[in-house]
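Colleague:
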Amino acid sequence: MSQREGRHRKPLYDAQQRARRDATAWTLVQGILAPLQFLVFLVSLALVLRTLATGEGAFAANVSIVAKTGLLYAIMVTGSIWEKVVFGRYLFAPAFYWEDMVSMLVLALHSAYLVALATGWIETNGLMLLALAAYGSYAINATQFLLKLRAARLDAGPASRLAAEGAR
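Under the numbering used here, the residues of the sequence shown are numbered 8 to 175, in order.
(1) Contact between the stretch 57-66 and the stretch 16-27: three or more CB pairs below 8 Å?
(2) How should Phe66 be labelled, buried or exposed, when 16 other C-beta atoms within 10 angstroms of its C-beta is the threshold for buried?
(3) Measure from the alpha carbon of Gln151 to the alpha carbon of each residue in Val93, Tyr80, Val113, then state which is nearest.
(4) Excluding the 5 residues flanking Ala41 on each side, which residues of the same chain have their C-beta closer than 6 Å to its C-beta?
(5) Just to check, is the beta-carbon of Tyr142 closer than 7 Å to a non-hydrogen atom of the ligand NAP?
(6) Would Phe45 and Tyr142 be called neighbours here (beta carbons separated by less than 8 Å)?
(7) Within the continuous alpha helix (DSSP H) that includes Tyr242, where are the two ends?
(8) Using C-beta distances below 7 Å, list every residue in its chain close to Leu124, excluding the 5 sequence neighbours before and after it, in chain order.
(9) Give the DSSP-derived three-state secondary structure of Phe186 in the structure shown.
(10) From what residue to what residue does the alpha helix (DSSP H) around Phe103 run?
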């Protein structure tokens, strides 16, 4: 996006929201959980693809999917608290409306996987395919959030970015 286009876009945070975002510990929690979840996702994706390709390693793949889902639940709960602190509502704040909408799909698919695993409704191949669908939606959602993070950094302007870099 060009600087000119960026000037016409509404900033992600107003001054009070930015101050609340920067002051809350939930921002740090999100900053830790998000990359951790992504790392677990990458390992799990490899295990799922291995199981689909070879038929081996289903137990490890299932454990990794459950771990990924646990991290997803943790980031969703803490993210809702973060959103309440910053925007005054637990979900669907205008600045993150579409990210939250896609998050609901991500949660639904991961939860469907857990139900299918626990009940035995779907055999291993089907479970792995369901996990891939959940992971595809997660990848879309993660991309949405990365784009928002980029937008927030662009909104901060060069002076704010330089001050933040100097503080590190």
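Every residue gets a Cβ at the ideal spot worked out from N, C-alpha and C, and that includes glycine.
Note that the structure is a prediction, hence the values are computed from the model and not measured.
Modeller: Based on what the coordinates show:
(1) As far as the Cβ criterion goes, the stretch 57-66 does not touch the stretch 16-27, which means the pair count is below three.
(2) The residue in question, Phe66, is exposed, as its Cβ has fewer than 16 Cβ neighbours within 10 Å.
(3) Comparing Cα positions, the closest option is Val113.
(4) Taking Ala41 as the centre and dropping the five residues before and after it, the same chain places no C-beta closer than 6 Å to its C-beta.
(5) This structure lacks the ligand NAP, and indeed carries no ligand of any kind.
(6) Not in contact: Phe45 and Tyr142 (Cβ atoms no closer than 8 Å).
(7) This structure does not reach residue 242, given that the chain is present from 8 up to 175, and the question cannot be answered.
(8) Shown here for Leu124: same chain residues with a beta carbon closer than 7 Å to its own, the five before and five after excluded, namely Asn69, Leu134 in chain order.
(9) Any property of residue 186 remains undetermined from this structure, which presents the chain solely from 8 to 175.
(10) Counting along the chain, Phe103 falls outside any alpha helix (DSSP H), and DSSP gives it neither H nor E.
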